[in-house]
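Residue numbers (our numbering), protein chains in the order written: chain R, 4 to 235; chain L, 4 to 235. Using N, Cα and C, we set each Cβ at its ideal position, and we do this for glycine too. If you're wondering where the values come from, they're calculated on a predicted model, not measured in any experiment. Down below is the structure, laid out as structure tokens.
2 protein chains.
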Amino acid sequence: MPARRQANGSSESIDNYLKAILTLGGPQEIRVTSTALAERLSVAPASITNMLQKLAAAERPLVEYERHRGVRLSSAGKKRALEVVRHHRLIETFLYQVLDYPIEEVHEEAERLEHFISERFEERIAAKLGHPQIDPHGHFIPTMEGHMPQQASIRLTEVLAGGTFVIHSVDDRDARTLRELEANGIKPGAKLKLKPRTPTEACSVNIGRSAKPFDLSRAMAADIRIVPVEKN
Amino acid sequence: MPARRQANGSSESIDNYLKAILTLGGPQEIRVTSTALAERLSVAPASITNMLQKLAAAERPLVEYERHRGVRLSSAGKKRALEVVRHHRLIETFLYQVLDYPIEEVHEEAERLEHFISERFEERIAAKLGHPQIDPHGHFIPTMEGHMPQQASIRLTEVLAGGTFVIHSVDDRDARTLRELEANGIKPGAKLKLKPRTPTEACSVNIGRSAKPFDLSRAMAADIRIVPVEKN
DNA sequence: TCCGATGTTTAGGTATACCTAATAAATAGG
DNA sequence: CCTATTTATTAGGTATACCTAAACATCGGA
Ligand SMILES: [Mn+2]
Ligand SMILES: [Mn+2]
Ligand SMILES: [Mn+2]
Ligand SMILES: [Mn+2]
């Protein structure tokens, strides 16, 4: 079936590949391996190779691909990926703020709709929301021109020394974890005191100004990104 | 490509077939011919036959189909069709009232999004709008349970006798005509005086309480449905 | 440096939803 | 009532996006 193609010669499937490459490539746009993509997209490695070859061979290629050496986005691919991420995060913000969705349900809906809204829809919800720069999980929303600030935050699990932090963002993909995080006051902007620990120990944190420490599960800790604060 | 399937074993394509059969079958649920469907969906007749056979052969068939004798919706098919029409009209109302879309642009966006929103999204926009019963073109919005009132209206082109009418609804599919209609004050609820005419004559109307008559183009007249009013 | 584990690609196949061209059924006109 | 036209179906083919299994590269150790 003629999978619905967007104007730019993209499709729902292609969009998802581009987004995955953007995310997995990270800020330095490291080459992404087939295995990493296969894992991320829950698709067989052979299917990944196929798609990457197609994307690289197109008239206006969306990726740079070399056999056995991974892929990177071309500038056209990066542009489209950021456009889709903008859609995703604007939709999440809209669902949360205008339609009163519970935080843990916005991601799934946005993951679908991001591929099907028009430029007008994008523009209208952005206007309705006052052109927001941050989504409900704390992630930056790319601008219409395709710019997105670097996240200066670090993973909570990478900090062993302890200290005081502000929560920058939470991962949006696992609804259960996200609901648990929110139920415990762990959301962007919240303050958090971390006890020093060894790599194998659980993370024990104080949220806000509560006196009793809270032990984060592995899943919860891995989904939190934080920024250090000077205490004053 | 695994065309996105909704929970009910439907898909964007199937949804559009079901909607077309609902509309073309009319209130009495007349059998719909392959040609009519081919025309409506801009798809080759052979493709229609193919799809109808598939839909009729399914475990839980969405249509009743007999070779050379057209199709009707099964009760499951009718249920789904009304669900999609509900999505469509709620989305149109939402785009118009909440996102301030121009009237002539809501249809195209709704035509796409109707297939991809969740039950939660449907429920949330319905709530936001106060559970509306009529969309911006004057069409009834099916209820959550799949009920939709009959339209008692008639086509403007069918009236030769003249008289005073209220505009019940306008067709939403042609953006240009719709914009023209709206620009001339022709929208649901507006009052309209029709001069008597012969079948070949153009329709000349007075809109609202304006004194100067307006000649409707064939396209415009065909897109208007009206209800007679007692003048008092 | 060769060897095997791991990762990647090729080869061949499926389902959806379209298409065109050829064929068959239904219907309408003489 | 029989044929010509219209309408519909069958047959065979395309593109997208997946899959599994088999073949092939790459790279880290021994
Ligand atoms: Mn998300
Ligand atoms: Mn997506
Ligand atoms: Mn519409
Ligand atoms: Mn549609």
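Going straight from the alpha carbon of L25(R) to that of T160(R), what length do you get? 22 Å
What residues come near ligand 3, if near means a beta carbon less than 6 Å from any of its heavy atoms? H91(L), E95(L), H110(L), A113(L) and D175(L)
Decide if the stretch 69 to 87 of chain R is in contact with the stretch 67 to 78 of chain L; the criterion is three or more beta carbon pairs, one per stretch, under 8 Å apart. no
Distance, V109(R) Cα to A10(R) Cα: 26 Å
For I33(R), is the classification buried or exposed, using 16 other Cβ atoms within 10 angstroms of its Cβ as the cut-off for buried? exposed
Return yes when the Cβ of G12(R) is within less than 9 Å of the Cβ of R89(R), no when it is not. no
Which residues bound the beta strand (DSSP E) around F168(R)? G166 to V173
Between A61(R) and chain L, is there a C-beta pair that is closer than 9 Å? no
Can you confirm whether S121(L), when its beta carbon is compared against all beta carbons of chain R, has any partner nearer than 9 Å? yes
From what residue to what residue does the alpha helix (DSSP H) around P191(L) run? First-last for P191(L): undefined, no H or E at that position.
Cβ contact (3+ pairs, closer than 8 Å) linking the stretch 126 to 145 of chain R and the stretch 45 to 55 of chain R: no
So the candidates are L102(L), E42(L), A59(L) and I106(L); which of them puts its Cα closest to the Cα of D177(L)? I106(L)
So, is the C-beta of D103(L) closer than 9 Å to a C-beta in chain R? yes
Candidates R212(R), H150(R) and P216(R): which alpha carbon is nearest A205(R)'s? P216(R)
Look at the alpha carbon of G166(L) and the alpha carbon of D226(L), and state the distance between them as a whole number of angstroms. 18 Å
Residue of H134(R), D103(R), A130(R) and P135(R) minimising C-alpha distance to F124(L): D103(R)
R3(L) and L98(R): beta carbons closer than 9 Å? Because chain L here runs from 4 to 235, residue 3(L) falls outside it and cannot be looked at.
If you draw a straight line from the alpha carbon of A23(R) to that of I17(L), how long is it in whole angstroms? 30 Å
How would you list, in chain order, the residues of chain L whose beta-carbon sits under 8 Å from the beta-carbon of I128(R)? L102
Interface residues of chain L facing E108(R) [CB-CB closer than 7 Å]: R123
Report yes if the C-beta of N11(L) is less than 8 Å from at least one heavy atom of ligand 4; otherwise report no. no
Counted within 10 angstroms of its Cβ, other Cβ atoms place H171(L) as buried (16 or more) or exposed: buried
Backbone CA spacing between H134(R) and R200(L) [nearest angstrom]: 54 Å
Would you verify that the beta carbon of E111(L) is, or is not, closer than 9 Å to some beta carbon of chain R? yes
Is H140(L) a contact residue of ligand 1, with contact defined as CB to any heavy atom under 8 Å? no
Tell me, please, whether the CB atom of R182(L) is closer than 9 Å to any CB atom in chain R? no
So, using beta-carbon positions, are L195(R) and M223(R) closer together than 9 Å? no
When the cut-off is 9 Å and only beta carbons count, does K131(L) lie next to chain R? yes
One or two residues paired with S14(L) in a DSSP bridge: R8(L)
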